[in-house]
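Visitor: In our numbering, the protein residues as written are 4 to 141. After the structure tokens below, expect a handful of questions from me.
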Amino acid sequence: MILRRKGVSVVLAPASLEGVSCLYVDVNSVAAALGDPEELFRSMASFPGRAVLVVDAWHESHLPLARRYLDLCRRWVVDCVLSESKPAEALAAELACRDQCAVLSRDVDVVRAVGGCGVPVFLFVRGRVWRVVSFELR
């Protein structure tokens, strides 16, 4: 599948997170695509590797949802990081590159943020997880 958004053309292949040992997740974008956002926290609680959920908190308008997501992190005993100075997809990409982990988002900006650091990038599109095979900035 080819996805074209925000000046990025991305080639995607169907994927799963099986075999991924370390994952940073852009919570706000992925949770927004789910009928029940708590589903994301439940699934990350049973994730066999290390999962860190990155929560948008860089603007005052994000704070009510950030509090809710932090409560869900505590309830499901999942690691969370607040992104207080930049969008969550940017921080998730930065941390993934630093730690050589995979990153999951619904926002193609994560592809641009990861650039060429070589970590696996997964996008949640149309209710499925897809792996970024290649990308081109337009």
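Even for Gly, the Cβ is constructed at its ideal location relative to N, Cα and C. As the structure is a computational prediction, the values presented were derived from the model and not from experiment.
According to DSSP, what are the bridge partners of glutamate 139?
Guide: Glutamate 139 is bridged to Ser12.
Visitor: Can you give me the C-alpha to C-alpha distance between glutamate 87 and glutamate 21, rounded to a whole angstrom?
Guide: In a straight line, the C-alpha of glutamate 87 is about 30 Å away from that of glutamate 21.
Visitor: If you draw a straight line from the C-alpha of glutamate 139 to the C-alpha of arginine 109, how long is it?
Guide: Roughly 17 Å between the two C-alpha positions.
Visitor: Going by C-alpha to C-alpha distance, which of Ser137, Val55, Glu97 sits closest to valine 30?
Guide: For the residues Ser137, Val55, Glu97, the minimum Cα distance to valine 30 belongs to Val55.
Visitor: Just the C-alpha distance for tryptophan 79 and serine 49, rounded to the nearest angstrom, thanks.
Guide: Whole-angstrom Cα-Cα distance: 9 Å.
Visitor: Candidates Val135, Val106, Gly119: which alpha carbon is nearest serine 32's?
Guide: Minimum Cα distance to serine 32 is reached at Val106.
Visitor: List in chain order: all unbroken alpha helix (DSSP H) runs of 4+ residues lying wholly within the stretch 80 to 118.
Guide: Those alpha helix (DSSP H) runs which fall completely within the stretch 80 to 118 and span 4+ residues are 91 to 102, 112 to 117.
Visitor: In the structure shown, what three-state DSSP assignment does phenylalanine 44 receive?
Guide: Helix at phenylalanine 44.
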